[in-house]
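To start, the structure under review is shown below, and the notes come after it.
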Amino acid sequence: MELFPHLEIGWLNGWILLIFEFLIQGSLLLVFPKDVVSRLFDRSGWDKKQRLFTIVGKVFSLVCLALIVLTPLKVNPYLFIAGLVLYIFGIIGLVVAMLNFRNTPPDQPVTRGIYKKSRHPQIFSLFIIFLGVCMTIGSWPALLALLLSKLSQHFGILAEEQVCLKRYGESYRAYMERVPRYFLFF
Numbered sequence: 001m002e003l004f005p006h007l008e009i010g011w012l013n014g015w016i017l018l019i020f021e022f023l024i025q026g027s028l029l030l031v032f033p034k035d036v037v038s039r040l041f042d043r044s045g046w047d048k049k050q051r052l053f054t055i056v057g058k059v060f061s062l063v064c065l066a067l068i069v070l071t072p073l074k075v076n077p078y079l080f081i082a083g084l085v086l087y088i089f090g091i092i093g094l095v096v097a098m099l100n101f102r103n104t105p106p107d108q109p110v111t112r113g114i115y116k117k118s119r120h121p122q123i124f125s126l127f128i129i130f131l132g133v134c135m136t137i138g139s140w141p142a143l144l145a146l147l148l149s150k151l152s153q154h155f156g157i158l159a160e161e162q163v164c165l166k167r168y169g170e171s172y173r174a175y176m177e178r179v180p181r182y183f184l185f186f
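Under this note's numbering, think of the first position of the sequence shown as 1, with each following residue one higher.
Structure representation (structure tokens):
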């Protein structure tokens with residue numbers, strides 16, 4: 001890992017891994033029904049503070065994305081392989097979570113499949129994907145931007161849970177008590 005990685009536009013930069021993730025996620029969103037896609041991105045019921053933290057998180061996400069695009073992949077075999085393994089697990093988790101989400105009726109909370117292990121597997125999987133890419137490029141600044149992004153976006157996750165509590169009531173509260181937010185952590 002480098003504190004000051006060399007930034008350049010190149011064919012073998014971190015962006016090459018993100019293209020695969022974007023193609024998979026984009027393809028799923030294109031074939032999902034419109035009501036499922038709109039439910040995925042619904043932010044109604046959020047207050048200004050929650051929206052602000054989410055915007056700050058998105059700014060850090062853009063910084064992380066820019067660093068990934070401009071940083072060449074590293075040849076360090078251990079770090080690269082570890083990052084690639086995380087990336088692949090993240091891709092698998094994201095696909096499974098999106099399919100579980102799609103197969104749940106809109107009037108019910110998503111509690112089946114991978115959602116039995118985590119209340120937010122899509123967000124967690126995206127974090128694992130980007131963590132893996134940060135490792136393959138060996139960039140401390142990209143990793144720091146990723147962590148700041150996810151810390152800020154955590155408030156959006158809390159807002160989403162409040163909206164789900166209002167929408168689904170006691171069944172969602174019981175789900176929150178049974179299932180951790182991020183797989184291992186309540």
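Note that beta-carbon positions come from the ideal geometry of N, C-alpha and C, so glycine has one too.
**Report entry** Three-state secondary structure (DSSP) of Glu8
**Finding:** On the sequence shown, residue 8 is found 8 positions in, with the first residue counted as 1. Glu8 falls in the coil class under three-state DSSP.
Query raised in the report: Between the Cα of Ala97 and the Cα atoms of Tyr87, Ile137, Ser125 and Leu52, which residue gives the shortest distance?
Result: Residue 97 sits at position 97 when you count from the first residue of the sequence shown. The residue with the shortest Cα to Cα distance from Ala97 is Ser125.
**Report entry** Status (buried if at least 16 other CB within 10 Å, exposed otherwise) for Tyr78
**Finding:** Along the sequence shown, one-based indexing puts residue 78 at 78. Under this definition Tyr78 is an exposed residue.
Query raised in the report: So, is Met108 buried or exposed, given that buried needs 16 or more other C-beta atoms within 10 angstroms?
Result: The residue you call residue 108 lines up with position 108 of the sequence shown. According to the sequence as given, residue 108 is Gln; it is not Met. The residue in question, Gln108, is exposed, as its Cβ has fewer than 16 Cβ neighbours within 10 Å.
Query raised in the report: When the Cα atoms are used, what is the spatial distance from Phe32 to Ile92?
Result: In the sequence shown, residue 32 corresponds to position 32, counting from 1. In the sequence shown, residue 92 corresponds to position 92, counting from 1. Rounded to the nearest angstrom, the two C-alpha atoms are 18 angstroms apart.
Requested in this report: Report yes or no: do the region 154-166 and the region 46-62 share at least 3 C-beta pairs separated by less than 8 angstroms?
Outcome: yes
Query - Boundaries (first-last residue) of the alpha helix (DSSP H) holding Thr136 - result: As a first step, residue 136 is located in the sequence shown; it is residue number 136 there, counting from the start. First-last of the alpha helix (DSSP H) with Thr136: Pro121 to Ile137.
Query raised in the report: So what's Pro72 in DSSP terms, helix, strand or just coil?
Result: What you label residue 72 is simply residue 72 of the sequence shown in a count that begins at 1. In the structure shown, Pro72 sits in a strand (DSSP, three-state: E or B).
Query raised in the report: Under a Cβ-count criterion, where at least 16 other Cβ atoms within 10 Å of its own Cβ denotes burial, should Trp11 be classed as buried or exposed?
Result: Reading the sequence shown from its first residue, position 11 is the one you call residue 11. Exposed, since its Cβ has fewer than 16 Cβ neighbours within 10 Å.
Query raised in the report: How would you write the range of the alpha helix (DSSP H) that Val85 sits in, first residue to last?
Result: If you number the sequence shown from 1, residue 85 lands on position 85. Looking at the DSSP string, the run of the alpha helix (DSSP H) that includes Val85 is Pro77 to Arg102.
Query raised in the report: Using the rule of at least 16 other Cβ atoms within 10 Å of the residue's Cβ for burial, across every protein chain shown, is Gly132 buried or exposed?
Result: The residue labelled residue 132 in the question sits at position 132 within the sequence shown. So Gly132 ends up on the buried side.
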